[in-house]
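Using this note's numbering, read the sequence shown as starting at 1077 and increasing by one per residue. Take a look at the structure below.
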Amino acid sequence: MIKGYAALLDAAEVGLPISVFVQVTLERQIERALEAFETAIQGRPEVMECYLMTGDADYLLRVVVSDLAAYERFLKEHLTRVSGVSSIKSSFALNQVKYSTALPL
């Protein structure tokens, strides 16, 4: 049941104060396209979480960066270059209201 132990760092204190939630839609939702996207994303340290979704977008990412310029670089140099991506929508978190790592057992 225990997957591991970790120290929780304050993102702002280590120079990563910007959290961006990114909705990504692929051109086609076929297995090869999904696998290619997931492989590309797993190699990116900025991406803290990635979920395959139902609804309007195929994936939801949580990305942390140092500033807007760093997010722009991630977007232009990495995310837009992933084959099969048709749409990217970014939402910037203004304030973290709640964050928990404990499951509601």
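Cβ coordinates follow ideal geometry from the N, Cα and C atoms, glycine included. Just so we're clear, the structure is a prediction, and the values are computed from it rather than from any experiment.
DSSP-derived helix/strand/coil call for residue i
{"i": "Ile1094", "result": "strand"}
{"i": "Leu1170", "result": "coil"}
{"i": "Glu1103", "result": "coil"}
{"i": "Leu1179", "result": "coil"}
{"i": "Ile1117", "result": "helix"}
{"i": "Leu1155", "result": "helix"}
{"i": "Leu1084", "result": "coil"}
Proximity of residue i and residue j at Cβ, strictly below 7 angstroms
{"i": "Ser1142", "j": "Leu1084", "result": "no"}
{"i": "Ser1095", "j": "Val1140", "result": "yes"}
{"i": "Val1158", "j": "Ala1116", "result": "yes"}
{"i": "Leu1137", "j": "Met1129", "result": "no"}
{"i": "Ser1167", "j": "Phe1097", "result": "yes"}
According to DSSP, residues forming a beta bridge with residue i
{"i": "Val1141", "result": "Ile1094"}
{"i": "Val1123", "result": "Val1139"}
{"i": "Leu1128", "result": "Tyr1135"}
Proximity test, residue i beta-carbon vs the ligand FAD heavy atom, cut-off 6 angstroms
{"i": "Ala1087", "result": "No copy of the ligand FAD occurs in the structure displayed, which carries no ligand at all."}
Of the listed residues the options, nearest to residue i (C-alpha basis)
{"i": "Leu1102", "options": "Leu1155, Met1077, Val1161 and Ser1176", "result": "Val1161"}
{"i": "Pro1121", "options": "Tyr1175, Phe1150, Asn1171 and Ala1082", "result": "Phe1150"}
{"i": "Gly1131", "options": "Gln1105, Ala1178 and Asn1171", "result": "Gln1105"}
{"i": "Asp1086", "options": "Gln1172, Glu1107, Ala1133 and Pro1180", "result": "Gln1172"}
{"i": "Leu1170", "options": "Pro1180, Gly1080, Ala1088 and Ala1178", "result": "Ala1088"}
Inter-residue CB distance, residue i and residue j (contact presumed, cutoff 8 angstroms)
{"i": "Gln1099", "j": "Lys1152", "result": "Not really, about 17 angstroms apart at Cβ, beyond 8 angstroms."}
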